[in-house]
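Visitor:
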């Protein structure tokens, strides 16, 4: 994946400040072909992910062509889509059994390989042993809208080298450093999964949360970043508008104001923004304001009126209407529910 320079604005820290994401590693798979994983639609607030530590896999994508994955690839589903991974042989999967080992539950294939396509060497097609970490990124269902609506349904990250090859950092660009940091983290996750040290599971979960941030950093620097926040963040001409939305949400922004920030005409700004995100700029501004409001209501004792002002609403009544339309609850009900532990 070719990488480019970023905009210099720390949009990712702003995003994760208002949309806190934690991580959880659920299982490690050691599979020999033939094998198959069918994963159902994830629950609300869950983003499934897979890290290929070694081996290869095929991702079935419905009507789209199957996608071949290789060691070092990271695969995530921001909208929680169900999916199927398999070895590509077309043969019936071997039996899979689970046991605890170190900080993780381990799933392994057992028994002999079933009949199916073979390679010239006589081994089952796709027989490379698979070492796969499977986990979830977790976000409050109400606070995950920016991730659900502005990230692609499926994201595949492909570092330039496999996870046990780390290049020197001297003289690297910001994009190359992002590449290197991701490979370093994958190596650390693999080493921790191999160990039996104290706090292993907790550390793996913490590394999992860091993985989410590094994946988004890497993806936003790609030459062909997918439409949405990733493409927007990687476009230097539009970065001032994104910066303004996050850092100055209390300002009564208009399209003309945002276009001026980007040194564009209104029409040019609207066209470029829509092309990058697939959504109007005012829709993203509203979603960012609501994410900020949710965060204020959850973490602070600010009054509803103060929150309304902080996120750019000229009246508390207008904020109340927008909040209920966006969240499905009044600000007071949301605050009470989060403090009582209700989703």
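Residue numbers (the working numbering): 1 to 343. Quick reminder that beta carbons are idealized off the backbone N, C-alpha and C, glycines included. Treat the numbers as computed from the prediction; the structure is a model and nothing was measured.
Which full runs of the alpha helix (DSSP H) of 4+ residues lie inside the stretch 175–241, going along the chain?
Guide: List check, alpha helix (DSSP H) in window: 200–220 and 229–233.
Visitor: Once you ignore the five residues that flank residue 163 on each side, which residues in its own chain have a CB closer than 7 Å to its CB?
Guide: Confidence at residue 163 is low in this model, with a pLDDT of 41, below 50, so the placement of that residue should be treated as unreliable; the coordinate-derived value is given next. The residues are 53, 71, 72, 183, 186, 187 and 190.
Visitor: For residue 271, which of helix, strand or coil comes out of DSSP?
Guide: Of the three classes helix, strand and coil, the one that applies to residue 271 here is helix, per DSSP.
Visitor: How about residue 129 and residue 195: do their beta carbons lie closer than 8 Å?
Guide: Their beta carbons are not under 8 Å apart, which means residue 129 does not touch residue 195 by this criterion.
Visitor: What three-state label does DSSP hand residue 49 in the structure shown?
Guide: Strand at residue 49.
Visitor: Return helix, strand or coil for residue 331, following the three-state DSSP convention.
Guide: The answer is helix: DSSP assigns residue 331 an H, G or I state.
Visitor: Measure from the alpha carbon of residue 314 to the alpha carbon of each residue in 221, 289 and 333, then state which is nearest.
Guide: Among 221, 289 and 333, the Cα nearest to that of residue 314 belongs to 289.
Visitor: Residue 259 and residue 312 - do their beta-carbons sit closer together than 8 Å?
Guide: Not a contact, by the Cβ cut-off of 8 Å.
Visitor: Just checking my contact of residue 205 with residue 25 at CB under 8 Å: how many whole Å lie between their CB atoms?
Guide: Contact flag correct, Cβ pair sits at about 6 Å.
Visitor: With a threshold of 7 Å, establish whether the CB of residue 101 neighbours any heavy atom of the ligand NAP.
Guide: Within the structure as shown, the ligand NAP is missing, as the structure has no ligands at all.
Visitor: State the DSSP-derived secondary structure class of residue 103, mapped to helix, strand or coil.
Guide: Coil at residue 103, not helix or strand.
Visitor: Measuring straight from C-alpha to C-alpha, what distance separates residue 296 and residue 110?
Guide: Cα to Cα, residue 296 sits roughly 51 Å from residue 110.
Visitor: Quick check on DSSP: helix, strand or coil for residue 16?
Guide: Residue 16 falls in the helix class under three-state DSSP.
Visitor: With 16 as the cutoff for other CB atoms within 10 Å, does residue 143 come out buried or exposed?
Guide: Classification of residue 143: buried, given that the 10 Å Cβ count is 16 or more.
Visitor: Can you tell me which of the three DSSP states residue 162 falls into?
Guide: Residue placement at residue 162 is poorly supported in this model, since its pLDDT is 39, which falls under 50; the coordinates still yield a value, given next. Residue 162: coil per DSSP, three-state reduction.
Visitor: Where do the N-terminal and C-terminal ends of the alpha helix (DSSP H) with residue 305 fall, by residue?
Guide: Residues 304–310.
Visitor: From the DSSP output, which residues share a beta bridge with residue 262?
Guide: Its beta-bridge partners do not exist; DSSP assigns none.
Visitor: Taking 8 Å as the cut-off, decide whether the C-beta atoms of residue 155 and residue 12 are in contact.
Guide: No, Cβ-Cβ distance for residue 155 and residue 12 is not below 8 Å.
Visitor: Return the residue from the list 108, 88 and 34 that minimises the CA-CA distance to residue 131.
Guide: Closest option to residue 131, Cα to Cα, is 108.
Visitor: Sort 59, 63, 30 and 82 by Cα distance to residue 43 and report the nearest one.
Guide: With distances taken between Cα atoms, residue 43 lies closest to 82.
Visitor: Assuming residue 84 is part of the alpha helix (DSSP H), what are its boundary residues?
Guide: From DSSP, residue 84 is part of no alpha helix (DSSP H) but of the beta strand (DSSP E) over 83–86.
Visitor: For residue 335, does the count of other Cβ atoms within 10 angstroms reach 16, so buried, or fall short, so exposed?
Guide: With 16 or more other Cβ atoms within 10 Å, it is buried.
Visitor: Would you list the one or two residues that DSSP bridges to residue 30?
Guide: Bridge partners of residue 30: 108 and 131.
Visitor: If you run the structure through DSSP and keep just helix, strand and coil, what is residue 66?
Guide: Residue 66: strand per DSSP, three-state reduction.
Visitor: Taking residue 133 as the reference, give the member of 157, 145, 146 and 106 with the closest Cα.
Guide: The candidate whose alpha carbon is nearest that of residue 133 is 106.
Visitor: Which residues bound the alpha helix (DSSP H) around residue 286?
Guide: Where residue 286 is concerned, the enclosing alpha helix (DSSP H) stretches over 281–299.
Visitor: Helix, strand or coil for residue 151? Go by DSSP, reduced to three states.
Guide: Note: residue 151 maps to coil in three-state DSSP.
Visitor: When DSSP labels each residue in this structure, what does residue 317 get in the three-state scheme?
Guide: Reduced to three states, the DSSP call for residue 317 is helix.
Visitor: Return yes when the Cβ of residue 86 is within less than 8 Å of the Cβ of residue 36, no when it is not.
Guide: Yes, the pair counts as a contact, with Cβ atoms nearer than the cut-off.
Visitor: Let me know the secondary structure DSSP gives residue 89 once reduced to three states.
Guide: Note: residue 89 maps to coil in three-state DSSP.
Visitor: For residue 267 and residue 274, what's the separation of their Cα atoms in angstroms?
Guide: Roughly 11 Å between the two C-alpha positions.
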